[in-house]
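*Asks:* Before anything else, here's the structure in question.
There are 2 protein chains.
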Amino acid sequence: MSVNMRRLNAVTTRAEQRRQTEMRILQAARELFGEHGFDRTTVRMVASRAGSDAGLVMRYFGSKEQLFAQAAAIPVEGPIEGSPLQIAEQLTAALSEKLTAEPAAALAALRAMFSHPEAAEEVRKAMTAQQRQVAEQLPGEDALVRSGVIGALTLGLVISRHLVKLDGLDAGAEELMAIAGPLIEELVAGP
Amino acid sequence: MSVNMRRLNAVTTRAEQRRQTEMRILQAARELFGEHGFDRTTVRMVASRAGSDAGLVMRYFGSKEQLFAQAAAIPVEGPIEGSPLQIAEQLTAALSEKLTAEPAAALAALRAMFSHPEAAEEVRKAMTAQQRQVAEQLPGEDALVRSGVIGALTLGLVISRHLVKLDGLDAGAEELMAIAGPLIEELVAGP
DNA sequence: AGTTTCAGTCTACAGTTGTTGACTGAAACC
DNA sequence: GGTTTCAGTCAACAACTGTAGACTGAAACT
Chain Z
1 MSVNMRRLNA
11 VTTRAEQRRQ
21 TEMRILQAAR
31 ELFGEHGFDR
41 TTVRMVASRA
51 GSDAGLVMRY
61 FGSKEQLFAQ
71 AAAIPVEGPI
81 EGSPLQIAEQ
91 LTAALSEKLT
101 AEPAAALAAL
111 RAMFSHPEAA
121 EEVRKAMTAQ
131 QRQVAEQLPG
141 EDALVRSGVI
151 GALTLGLVIS
161 RHLVKLDGLD
171 AGAEELMAIA
181 GPLIEELVAG
191 P
Chain S
1 MSVNMRRLNA
11 VTTRAEQRRQ
21 TEMRILQAAR
31 ELFGEHGFDR
41 TTVRMVASRA
51 GSDAGLVMRY
61 FGSKEQLFAQ
71 AAAIPVEGPI
81 EGSPLQIAEQ
91 LTAALSEKLT
101 AEPAAALAAL
111 RAMFSHPEAA
121 EEVRKAMTAQ
131 QRQVAEQLPG
141 EDALVRSGVI
151 GALTLGLVIS
161 RHLVKLDGLD
171 AGAEELMAIA
181 GPLIEELVAG
191 P
């Protein structure tokens, strides 16, 4: 009982304290990058919201770029496969989730895409990968174009709802899906 | 013949020289704002590409903000009206034009929208106005939502094509319209 | 011809930013 | 108990930015 034993009244050990601080910084970064984009978010702002210090942010994450990379990492989406009908179901389910989910992290990546070339490239890669995979399983000559339109529709809906806050798109997710769902089915089925 | 007569060998008068310089600056601003967004574009970059000087840009346009406002002004779109069939036609025509047109100015506005709050508000206003106007003429209970989805689809297509450069969306505008057109018709018609 | 205007250039300033390094105190170890 | 480690703080720097103002020379006017 030599190591790690002095945790009697100390509520948090040192390693855990650090982990918590890192998480607070990362969360603050996600929020701020999502609200103001990469360029308008300063390291000092992040540190301040996290109740921390700019120097510490640098030490823990290396640079603002690396902090951003961790904060706005695009979650990898599972493969979409099956019969056209199943594909349509999975696509609408994915869209529904994107419209419902807490938008902080996704917004950070989307915002950055418009001012931060590397982020744009990453979004492009993520979208292209999924789009290609879907296209392979769609019937028809213009499968790639149609799956591209599906991606565009998804992107447009997410941006219009969470970023532009367009009138009407603040409707319930079910109502939106009732309208967007058939469009996706139609795009999956082809002409 | 006292005024404006010394234009013998002088290829350009002074007033015209100035107008040309202003135009060069404005064009350079459009290009650079479109390529790099508002924050990543510096007044010096604009001046340099225009073969001019940063101080001069300030004197002519007042501030970087005002320069941007002029460079990225959103072109006012004509009203859309008529029978649902005519509306669908006008909407598809508008989309087709947005997919074909030179994207510099539009990109500047779009890029800025995600990092520049005032620009975001302006885009929101422009989109909302058109969307409301369209919604008024659509049948059905959920007209506003459907016209919102039309806006989202349009936005998503423009962004995916010009900014993300998504695979498949680099197809000819006709091919794209052959796919997107029916979707718009369906959204206009309602359930 | 002499004076005024003004397009264009150059220099400087004040504020902000990312980033670094020295310092401090308490927890972790022997 | 004494030493080491390390999370957290503070102050400073170098680069860059928007912006202002003084200056220059030639065109425009009388």
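Those protein sequence lines, which keep their order, are chains Z and S. The opening position of the first sequence corresponds to residue 1 in my numbering, with each subsequent residue numbered one higher. The opening position of the second sequence corresponds to residue 1 in my numbering, with each subsequent residue numbered one higher. All C-beta atoms, glycine included, are put in the ideal place defined by N, C-alpha and C.
Please confirm whether P117 (chain S) and G190 (chain S) have their CB atoms less than 8 Å apart.
*Replies:* As a first step, residue 117 (chain S) is located in the second sequence; it is residue number 117 there, counting from the start. As a first step, residue 190 (chain S) is located in the second sequence; it is residue number 190 there, counting from the start. Not a contact, by the Cβ cut-off of 8 Å.
*Asks:* Excluding sequence positions up to five away, which residues of its chain have a Cβ less than 8 Å from the Cβ of N9 (chain Z)?
*Replies:* The count along the first sequence starts at 1 and reaches residue 9 (chain Z) at position 9. Because N9 (chain Z) sits at a pLDDT of 44, beneath the cut-off of 50, its placement in the model cannot be relied upon, and the point is left open.
*Asks:* Run through DSSP, which three-state label would E77 (chain S) get?
*Replies:* One-based indexing of the second sequence puts residue 77 (chain S) at position 77. Coil.
*Asks:* Three-state secondary structure (DSSP) at G181 (chain Z)?
*Replies:* Indexing the first sequence from 1 puts residue 181 (chain Z) at position 181. Of the three classes helix, strand and coil, the one that applies to G181 (chain Z) here is helix, per DSSP.
*Asks:* Identify each residue in the region 70-103 of chain Z for which the Cβ-Cβ distance to at least one residue of chain S is less than 8 Å, and report them in chain order.
*Replies:* Taking 8 Å as the cut-off between beta carbons, none of the residues of the region 70-103 of chain Z comes near chain S.
*Asks:* Are A180 (chain Z) and L163 (chain Z) closer than 8 Å when you measure CB to CB?
*Replies:* If you number the first sequence from 1, residue 180 (chain Z) lands on position 180. If you number the first sequence from 1, residue 163 (chain Z) lands on position 163. Not in contact: A180 (chain Z) and L163 (chain Z) (Cβ atoms no closer than 8 Å).
*Asks:* Using DSSP with H/G/I as helix, E/B as strand and the rest coil, what is F38 (chain Z)?
*Replies:* Against the first sequence, residue 38 (chain Z) aligns to sequence position 38. Assigned with DSSP and collapsed to three states, F38 (chain Z) falls in coil, not helix or strand.
*Asks:* Hey, is S160 (chain Z)'s beta-carbon within less than 8 Å of any beta-carbon in chain S?
*Replies:* Position 160 of the first sequence, counted from the start, is the residue given in the question as residue 160 (chain Z). At least one chain S Cβ lies under 8 Å of S160 (chain Z).
*Asks:* Under 8 Å between beta-carbons, which chain S residues line up against A152 (chain Z)? List them in chain order, please.
*Replies:* Your numbering for residue 152 (chain Z) matches position 152 in the first sequence. Ordered by position in chain S, the residues that pass the 8 Å Cβ test against A152 (chain Z) are L153, G156, L157, I159, S160, R161, L166 and L169.
*Asks:* By DSSP, does H116 (chain S) sit in helix, in strand, or in coil?
*Replies:* To locate residue 116 (chain S), count along the second sequence from 1; it is residue 116. H116 (chain S): coil per DSSP, three-state reduction.
*Asks:* Of all the residues that make up the region 22-46 of chain Z, which are near chain S by a beta-carbon distance shorter than 9 Å?
*Replies:* Against chain S - using a Cβ distance shorter than 9 Å - the residues of the region 22-46 of chain Z are H36, G37, F38, D39 and R40.
*Asks:* Counting pairs of Cβ atoms below 8 Å between the region 64-75 of chain Z and the region 31-46 of chain Z, do you hit three or more?
*Replies:* yes
*Asks:* Are A94 (chain Z) and E122 (chain Z) closer than 8 Å when you measure CB to CB?
*Replies:* Position 94 of the first sequence, counted from the first residue, corresponds to residue 94 (chain Z). Position 122 of the first sequence, counted from the first residue, corresponds to residue 122 (chain Z). Cβ atoms of A94 (chain Z) and E122 (chain Z): not closer than 8 Å.
*Asks:* What number of angstroms, rounded off, separates the C-alpha of S48 (chain Z) from the C-alpha of Q17 (chain Z)?
*Replies:* For the purposes of this step, residue 48 (chain Z) is taken as the residue at position 48 of the first sequence. For the purposes of this step, residue 17 (chain Z) is taken as the residue at position 17 of the first sequence. Cα to Cα, S48 (chain Z) sits roughly 17 Å from Q17 (chain Z).
*Asks:* Secondary structure at Q70 (chain Z), three-state DSSP: helix, strand or coil?
*Replies:* Counted from its first residue, the first sequence places residue 70 (chain Z) at position 70. The answer is helix: DSSP assigns Q70 (chain Z) an H, G or I state.
*Asks:* Give a yes or no on whether 8 Å exceeds the smallest Cβ distance from T128 (chain S) to chain Z.
*Replies:* Locating residue 128 (chain S) in the second sequence gives position 128, counting from the first residue. With 8 Å as the cut-off, T128 (chain S) counts as an interface residue toward chain Z.
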